[in-house]
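Here's the structure we're looking at; comments come further down.
2 protein chains.
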Amino acid sequence: MFTQLGVIGCGLMGGSFALALKRAGLVKRVIGYSKSPSTTERAKKLGVIDVAAESALLAVSGSDIVLIAVPVAASEATFKAIRHLVEPGVLFMDVGSTKRDVVDAARRVLKERVGAFVPAHPIAGKEVAGIQNADASLYTGRQVILTPLPQTTAELIQKATDVWSAIGSHVLKMTPENHDAAFAAVSHLPHMLAFAYFSSVVKQPAGKDFLSLAGPGFRDFTRIAASDPTVWRDILMSNREEVLKQSQRFRHALDALEHVVRSGNVEALEDLIRKASDARAGWQMNAPKSSR
Amino acid sequence: MFTQLGVIGCGLMGGSFALALKRAGLVKRVIGYSKSPSTTERAKKLGVIDVAAESALLAVSGSDIVLIAVPVAASEATFKAIRHLVEPGVLFMDVGSTKRDVVDAARRVLKERVGAFVPAHPIAGKEVAGIQNADASLYTGRQVILTPLPQTTAELIQKATDVWSAIGSHVLKMTPENHDAAFAAVSHLPHMLAFAYFSSVVKQPAGKDFLSLAGPGFRDFTRIAASDPTVWRDILMSNREEVLKQSQRFRHALDALEHVVRSGNVEALEDLIRKASDARAGWQMNAPKSSR
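Protein chains in written order, with the working numbering: chain U, 27 to 318; chain Y, 27 to 318.
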């Protein structure tokens with residue numbers, strides 16, 4: 027399907043995409059670039075990429091598909107580095123967890139060439155980062171959101187859909203604005219809450235003793251608190267308006283729970299818990315939904 | 027080891043204890059009682075108990091080990107129902123997630139007989155309740171906290187330690203006060219946060235659409251939001267002072283994160299996230315610790 031995949035940012039996401047395309051036989055050769063030469067070298071040693079590029083631009087040269095898998099705040103600099111080789115016919119995608127900022131950067135930098143860029147967000151990840159954790163199955167069974175611009179070439183949207191589908195992902199399309207509002211609610215805020223919660227436990231005088239007693243509920247609730255600081259710094263910062271809105275909603279719900287607990291209103295407390303509990307029990311990840 | 031186990035409250039916790047003791051060959055016969063006769067009947071049909079008792083008192087009669095596995099708010103009524111058969115030589119335990127209230131109720135009701143009661147909290151559970159989910163392995167590899175009173179018979183503390191150890195649990199001892207402070211931090215508050223967070227998502231106009239996009243991070247973060255409403259109503263209510271203290275600490279940590287996000291202080295945000303992330307990455311459930 028493709029001759030050469032260029033991966034800019036040889037980390038968990040970029041490396042997993044390369045492995046998935048190789049396993050599916052969708053690409054002949056993978057060329058990779060990372061800011062740190064030792065990372066690029068390691069990616070080559072691990073067989074995730076075949077050729078190490080010395081610049082982002084060289085990773086694009088000769089590629090017919092390019093994945094930009096850098097922290098979202100590095101998107102603009104990456105677009106600048108590669109813009110002279112961005113042309114129609116080559117599929118450019120990213121994997122950023124926020125989309126408005128990436129789309130804005132693409133518009134600013136790529137200008138009339140922006141049609142070659144198909145913004146993408148695969149809903150997949152691990153709490154361990156880095157090329158050494160790359161996994162050909164990371165995207166299997168996961169949703170991938172595309173947020174194309176009005177200028178995005180229809181043919182490239184189709185190609186993007188095909189390549190993600192071919193590695194087992196379910197593709198959805200929405201606007202960057204709707205994407206960022208939704209993921210502030212179901213991903214960005216939970217990360218912020220998990221970071222805040224873990225900090226609050228660790229910082230107390232008896233925190234270490236407390237942690238030695240924690241069980242499986244705690245383990246699962248805090249798993250995302252171990253997420254990559256650079257990645258999440260950028261996500262929370264770039265989507266801060268929506269994240270703060272969601273945090274406000276959360277605080278209202280916490281206020282309500284605290285209020286009934288403090289006032290000793292047993293029935294009201296049970297009612298609030300039951301609504302949340304029933305709703306969560308009825309939720310399923312990737313619930314089938316009508317296509318759009 | 028024991029002739030007859032009496033289980034009061036044939037739910038997930040009580041049923042799992044019965045199955046574990048049977049599997050380990052630690053008990054000849056299990057007699058069970060639940061407030062709802064249909065539950066007791068189901069426990070018998072499932073082979074979790076051998077004999078259905080018509081009252082809590084009858085479940086104690088002839089038993090040399092008794093597990094009280096009712097929602098914590100029902101502890102006092104249960105002690106009242108059985109007090110005439112509480113005597114030294116019989117091991118009485120509960121499984122409540124809060125200990126000060128249960129210990130207080132035991133003192134009030136059992137008076138000079140309170141020495142037969144060994145308060146216990148196994149750090150185990152599932153987000154699905156009920157006898158049909160009882161599991162002989164629920165307590166394997168889990169910690170069990172005993173919070174004995176000054177009056178608790180040393181011989182019964184030893185018996186309690188032996189029986190939990192025999193089914194694969196690790197036994198720790200602490201005061202009821204330390205127990206409740208620790209579990210407010212690592213268990214009760216996370217449940218309250220998960221209930222609040224799930225409510226806040228569900229209640230928004232686009233909540234359903236948002237939920238269809240949620241991924242594995244969300245799934246794990248919200249797993250405990252599906253927990254049993256009756257059980258958690260009682261836990262949050264009975265340990266409310268400690269829970270509200272912990273919630274206050276959490277709010278301070280969330281304030282700090284929101285502040286740096288709002289003010290655009292990228293370095294400070296990364297620093298806060300990194301501290302939480304490193305601490306969580308270094309945490310392990312049931313990390314080996316010096317015995318006490």
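For glycine and all other residues, C-beta sits at the position ideal for the given N, C-alpha and C.
For M119 of chain U, the uninterrupted beta strand (DSSP E) run begins and ends at L117 to D120, by DSSP. Residues of chain U with a Cβ closer than 7 Å to the Cβ of K301 of chain Y are, in chain order, S225. Nearest to T256 of chain U by C-alpha distance, out of U:V269, U:A99 and U:F224, is U:A99. Among the bridge pairs identified by DSSP, V77 of chain U is matched with U:I57.
By the neighbour-count criterion, in which a residue is buried when 16 or more other Cβ atoms sit within 10 angstroms of its Cβ, Q272 of chain U is buried.
Scanning the segment 187-240 of chain U from its first residue to its last, the whole alpha helix (DSSP H) runs of 4-plus residues come out as 202-209, 215-228 and 233-237. At least one CB atom of chain U sits nearer than 8 Å to the CB of L237 of chain Y.
The DSSP-derived three-state label of L262 of chain Y is helix. If the five residues before and after D161 of chain Y are omitted, its C-beta is found closer than 6 Å to the C-beta atoms of S42, all from its own chain and listed in chain order. Shortest Cα-Cα distance from K199 of chain Y to any of Y:T65, Y:P216 and Y:P148 involves Y:P148.
Here G40 of chain U is buried. Its C-beta has 16 or more other C-beta atoms within 10 Å.
According to the DSSP assignment, I299 of chain U belongs to the alpha helix (DSSP H) that extends over V292 to A307.
Proximity to V128 of chain U across U:N265, U:Q274, U:V292 and U:S303 peaks at U:N265, based on C-alpha coordinates. Collapsing the DSSP output to three states places G151 of chain Y in coil. Along the segment 82-148 of chain U, the alpha helix (DSSP H) occurs as fully enclosed runs of 4 or more residues at 82-86, 101-108 and 126-136, listed in sequence order. Residues are counted here when their Cβ sits less than 8 Å from a Cβ of chain Y; for the segment 248-274 of chain U these are T248, R249, I250, A251, A252, S253, D254, P255, T256, W258, R259, L262, M263, R266, V269, L270, Q272 and S273, given in chain order. For L45 of chain U, the uninterrupted alpha helix (DSSP H) segment begins and ends at L38 to R49. Of the candidates Y:K152, Y:I91, Y:F105 and Y:L237, Y:K152 places its Cα closest to the Cα of F244 of chain U. K71 of chain Y and A46 of chain Y have their C-alpha atoms some 17 Å from each other.
By the rule that beta-carbons nearer than 8 Å mark a contact, H214 of chain U does not touch chain Y. In summary, the residues of the segment 181-202 of chain U whose CB is separated from some CB of chain Y by less than 8 Å are L198, in the order they occur in the chain. In terms of Cβ geometry, V287 of chain Y and L262 of chain U form a close pair [threshold 8 Å]. Using a Cβ-Cβ cut-off of 8 Å, R245 of chain Y counts as an interface residue toward chain U, since at least one Cβ of chain U sits closer than that to its own. Between S87 of chain U and Y59 of chain U, the CB-CB gap reaches or exceeds 8 Å. Annotated as proximal: L172 of chain U and V144 of chain U, with beta-carbon spacing under 8 Å. For T66 of chain U, the enclosing alpha helix (DSSP H) begins and ends at P63 to K71. Taking the CA atoms as reference points, A44 of chain U sits about 49 Å from A192 of chain Y. The C-alpha of L298 of chain U is placed about 10 Å away from the C-alpha of V292 of chain U. By the Cβ-count criterion, D120 of chain Y is buried, with 16 or more other Cβ atoms from all chains shown falling within 10 Å of its own Cβ. Annotated three-state conformation of G243 of chain U is helix, per DSSP. Contact note: I108 of chain U does not reach chain Y at a C-beta cutoff of 9 Å; the least C-beta distance is about 24 Å. Here S163 of chain Y has no same chain residue with a Cβ atom under 7 Å from its own Cβ, once five neighbours each way along the sequence are excluded. Contact note: V228 of chain U reaches chain Y through K301, A302 and A305, using a C-beta cutoff of 8 Å and chain order. Collapsing the DSSP output to three states places L175 of chain U in coil. If you ignore the 5 residues before and after D260 of chain U, its C-beta comes within less than 7 Å of the C-beta of P97, V98 and A99, all in its own chain and listed in chain order. Counted as a single uninterrupted DSSP element, the beta strand (DSSP E) harbouring L31 of chain U occupies residues F28 to I34.
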